[in-house]
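A short write-up of the structure that comes next.
Residue numbers (my numbering), protein chains in the order written: chain A, 23 to 270; chain B, 18 to 353.
Printed below as a string of C-alpha cells:
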C-alpha cells in the first residue's frame with residue numbers, strides 16, 4: 023500500500039529564531055528525495071522537526087502521514103509509526119549498551135517482545151553486512167565511537183527498525199571512501215516500493231550510490247528549487263551561488 | 018562519654034546527629050576492647066572512638082600466597098538487631114593478588130564498622146564493597162586502605178541501603194608507585210542520606226590515584242560528596258584525578274559536592290571536577306526517536322548512569338549481584 027509523508031507550509035523556530043519559512047514537500051513510498059543546501063540553510067532543523075524534537079517549535083503548518091496530522095506527536099510515537107531519523111551527530115549515551123538499546127528499540131517499534139535468540143541472529147546478520155564487530159554490542163551507545171562507527175550504527179538501526187519513511191541527515195559525513203560505499207549500498211538495498219527516503223546531504227558523492235528521484239535545494243529555510251537527479255550534478259559542478267543569486 | 022560532632026565541624030556540616038541515636042550501646046558490651054588496633058588516622062573520630070570502646074575483638078584476616086587469585090569474603094549479613102560495632106583488619110601479603118568482597122546486609126538499628134585493608138608491596142587487590150543494609154539502619158563506616166610500594170588497589174564501592182549513612186574512606190599511598198583506582202556508585206530514594214567523606218593521601222612520590230564517584234538521588238534523598246586529595250611536599254611526581262558526577266531525579270532531592278585538593282608541591286599532575294544535572298534532554302530525545310517511550314527511556318538512562326562502575330567488576334556473578342542491588346535487575350538487558 024502506498025504511503026505518503028507530506029509537509030505543508032511548515033514554519034519552525036528554534037530558541038525564538040525562525041529557521042524554516044514555509045516548507046512544502048510530499049514524499050511517497052517508493053521515492054528517494056534528496057535535500058541539498060549550504061550550512062545553516064535549515065536541513066537539520068527540518069530533519070529534527072520531522073522526528074518531533076521538542077526544541078524545534080512548529081509555528082504553523084502541518085506534517086501529515088497518510089493524511090493524518092502527526093505534528094503534535096512525540097518522537098517515540100512517530101518512531102512507532104515507522105518514521106526514522108538517522109542523526110547527523112548521534113548522541114553518546116554512557117552506560118546504556120548498544121545491545122540493550124537496540125533490543126528495547128526494536129521491541130518498542132514492533133510492539134511485541136523479540137525472542138533473544140531471534141534478536142541475536144537478526145543483529146549478527148546485519149552486523150556482518152555492515153562490517154561492524156560484534157563487540158560493539160556490549161559497548162556504551164555511541165560512547166567513544168568514531169564518526170564512521172556512529173554512522174554505521176545509525177544504518178544498523180535503520181535496518182533493524184525497517185521504517186516506512188527514513189530521514190537521513192548527512193549520513194555521508196564522517197565516512198571514509200570504503201565506509202561511504204558500504205553504508206550507501208546498505209541504504210540503497212533498503213530502497214523499496216514500501217519505503218520513502220529523504221536524504222539530506224551537502225554533496226553529490228552519496229548520490230552516486232543512491233540515485234534520487236527528486237532533488238530539492240534548501241536555502242534560507244525555503245525550498246527554492248526542485249528537479250531530478252541531474253540537479254545534484256549541476257550543484258556539484260556550479261555550487262550554490264547561482265541559486266542564491268537567482269533568489270535574492 | 019564521647020561528644021557528638023557538631024555541624025560546625027566541616028566534615029559533619031551536612032550530617033546532623035541530632036535526633037538520632039548515633040551512639041547506641043551494643044546489647045553486650047565487651048569487658049576490654051582492642052584499643053591498640055585503631056588506625057591512627059581515625060583518632061579523634063567520634064565513631065571510631067565508639068568503635069574502639071564497643072567493638073568486640075578485632076577480626077583479622079591474613080591473605081597470603083595460598084589465596085592468591087581467589088575471592089575472599091569479608092562481608093556481614095546482620096540479623097535484625099540493635100547496635101553492631103565491628104572491626105576488621107585485612108592484611109594482604111606482598112605480591113598477592115586477591116579480590117575482597119565486602120557485603121553489608123541485614124537490618125541492625127545501627128552499624129558502626131572500622132575496616133582496615135593493608136596492601137603489602139606489589140600486591141594487587143580488587144575491593145568490592147556493597148552496602149545494602151535495611152533502609153532503617155543508621156550506618157557509620159570507617160575504612161582505611163594503606164598501600165605499600167608498587168601495590169595496586171581497584172576499589173568498587175556501591176551504596177544503596179541505610180537511612181542515614183556516613184561513610185569515611187581514607188586511602189594512604191605509602192610506597193612509591195602505589196596505585197589506587199576507586200569507583201563509587203550511590204543510589205538514594207525516599208529520604209535516605211549518604212555522606213561520603215573520602216581522603217586520598219599521596220604519602221610517597223610517583224603514586225597515582227583516580228577516584229570517580231557517581232550518585233543518583235531521587236525523591237527527598239540527599240547525598241554529600243566530601244572528597245579530598247592530599248599531596249604533601251615530599252611526594253613528587255604524583256598523579257591524582259577526582260571526579261564526582263551526579264544525577265538529580267527530583268526537585269526535592271539534594272546533592273552537595275565538595276571536591277578538594279590540598280597540594281604542597283608543584284611537581285604533580287592533579288585534576289578534579291564535579292557536575293550535578295537532571296537526565297539529559299538530548300539523551301532522552303535520542304532514545305525516544307527510536308520508539309522508546311519517555312518513562313522507559315528515563316529508566317534506561319538512570320539505570321545506565323552507574324553502569325561504568327559495574328563494568329569495572331571483573332567477576333560476572335558479583336557484577337550481576339551488585340547491579341541487582343543498585344538498579345533492581347541483574348542483567349544489563351544486553352548481549353550476554
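Ideal Cβ placement from N, Cα and C applies to all residues, glycine included. Owing to the predicted nature of the structure, the values given are computational and were not obtained by experimental measurement.
DSSP state of residue i mapped onto helix, strand, coil
i, result
"residue 58 of chain A", "strand"
"residue 145 of chain A", "helix"
"residue 201 of chain A", "helix"
"residue 84 of chain A", "strand"
"residue 96 of chain A", "coil"
"residue 228 of chain B", "strand"
"residue 74 of chain B", "coil"
"residue 265 of chain A", "helix"
"residue 62 of chain B", "coil"
"residue 23 of chain B", "coil"
"residue 270 of chain B", "coil"
"residue 111 of chain A", "coil"
"residue 300 of chain B", "helix"
"residue 48 of chain A", "strand"
"residue 196 of chain B", "strand"
"residue 177 of chain A", "helix"
"residue 355 of chain B", "There is no way to answer for residue 355 of chain B, as the model of chain B reaches only from 18 to 353."
"residue 1 of chain A", "A query on residue 1 of chain A cannot be resolved here, the shown segment of chain A reaching from 23 to 270 and no further."
"residue 140 of chain B", "coil"
"residue 183 of chain B", "strand"
"residue 112 of chain B", "coil"
"residue 256 of chain B", "strand"
"residue 354 of chain B", "Examination of residue 354 of chain B is not possible in this model, given that chain B is present from 18 through 353 alone."
6 Å Cβ shell around residue i - same chain, five flanking residues per side excluded
i, result
"residue 258 of chain A", "226"
"residue 253 of chain A", "237"
"residue 219 of chain B", "190, 248, 252 and 255"
Presumed contact (8 Å Cβ cut-off) between residue i and residue j, rounded CB distance
i, j, result
"residue 210 of chain B", "residue 243 of chain B", "Not really, about 13 Å apart at Cβ, beyond 8 Å."
"residue 186 of chain B", "residue 154 of chain B", "Contact doesn't hold; Cβ gap of about 19 Å is too wide."
"residue 97 of chain A", "residue 58 of chain A", "Their Cβ separation, rounded to whole angstroms, is 25 Å, which puts residue 97 of chain A and residue 58 of chain A out of contact at 8 Å."
"residue 80 of chain B", "residue 100 of chain B", "With a Cβ gap of about 29 Å, residue 80 of chain B and residue 100 of chain B do not count as contacting."
"residue 49 of chain A", "residue 78 of chain A", "Not confirmed; about 19 Å, so no contact."
"residue 250 of chain B", "residue 224 of chain B", "Contact flag wrong, Cβ pair sits at about 14 Å."
"residue 326 of chain B", "residue 231 of chain B", "6 Å"
"residue 234 of chain B", "residue 199 of chain B", "Between residue 199 of chain B and residue 234 of chain B the Cβ distance is about 20 Å, and since that is not below 8 Å, they are no contact."
"residue 146 of chain B", "residue 174 of chain B", "5 Å"
"residue 106 of chain A", "residue 180 of chain A", "6 Å"
"residue 273 of chain B", "residue 95 of chain B", "Not confirmed; about 29 Å, so no contact."
"residue 108 of chain B", "residue 69 of chain B", "Actually they do not touch by this definition, with Cβ atoms about 19 Å apart."
"residue 244 of chain A", "residue 45 of chain A", "7 Å"
"residue 223 of chain A", "residue 192 of chain A", "6 Å"
Cβ-based neighbour list, residue i, same chain, cut-off 8 Å, excluding 5 preceding and 5 following
i, result
"residue 135 of chain A", "129"
"residue 103 of chain A", "87, 92, 95 and 186"
"residue 166 of chain A", "114"
"residue 286 of chain B", "255, 256 and 257"
"residue 42 of chain B", "71 and 100"
Chain-order list of residues whose beta-carbon lies under 7 Å from that of residue i (same chain, five-residue window excluded)
i, result
"residue 231 of chain A", "203, 206, 207 and 210"
"residue 300 of chain B", "318"
Residue i beta carbon near the ligand ADP (any heavy atom closer than 7 Å)
i, result
"residue 67 of chain B", "Absence of the ligand ADP is noted for the structure shown, with no ligands found whatsoever."
Quiz item: If contact means a Cβ-Cβ distance below 8 Å, which residues of the region 321-340 of chain B contact chain A?
Solution: Of all residues in the region 321-340 of chain B, only 321, 322, 323, 324 and 325 come within less than 8 Å of chain A when Cβ atoms are compared, listed by chain position.
Quiz item: For the region 64-94 of chain A, which residues have a beta carbon sitting closer than 9 Å to at least one beta carbon of chain B?
Solution: 70, 73, 74, 75, 76 and 77
Quiz item: Any chance the region 307-321 of chain B sits against the region 130-150 of chain B, with 3 or more Cβ pairs inside 8 Å?
Solution: The region 307-321 of chain B is not in contact with the region 130-150 of chain B.
Self-check item: Members of the region 301-313 of chain B that neighbour chain A once the beta carbon cut-off is set at 8 Å
Solution: 302, 303, 304, 305, 306, 307, 308, 309, 310, 311 and 313
Quiz item: Is it a yes or a no for the region 237-251 of chain B touching the region 302-310 of chain B, going by three-plus beta-carbon pairs under 8 Å?
Solution: Using a C-beta cut-off of 8 Å, the region 237-251 of chain B makes no contact with the region 302-310 of chain B, since fewer than three inter-stretch Cβ pairs fall below that distance.
Exercise. Please name the residues in the region 202-233 of chain B whose beta-carbon is closer than 8 Å to at least one beta-carbon of chain A, in chain order.
Key: none
Exercise. Select from the region 153-181 of chain A all residues with a C-beta closer than 7 Å to any C-beta belonging to chain B, and list them in chain order.
Key: Listed by position, the residues of the region 153-181 of chain A near chain B (Cβ gap below 7 Å) are 159, 160 and 179.
Quiz item: With a cut-off of 8 Å, do at least 3 Cβ pairs link the region 124-138 of chain B to the region 156-174 of chain B?
Solution: yes
Quiz item: In chain order, what residues of the region 124-142 of chain A put their CB closer than 7 Å to some CB of chain B?
Solution: 125, 126, 127, 130 and 131
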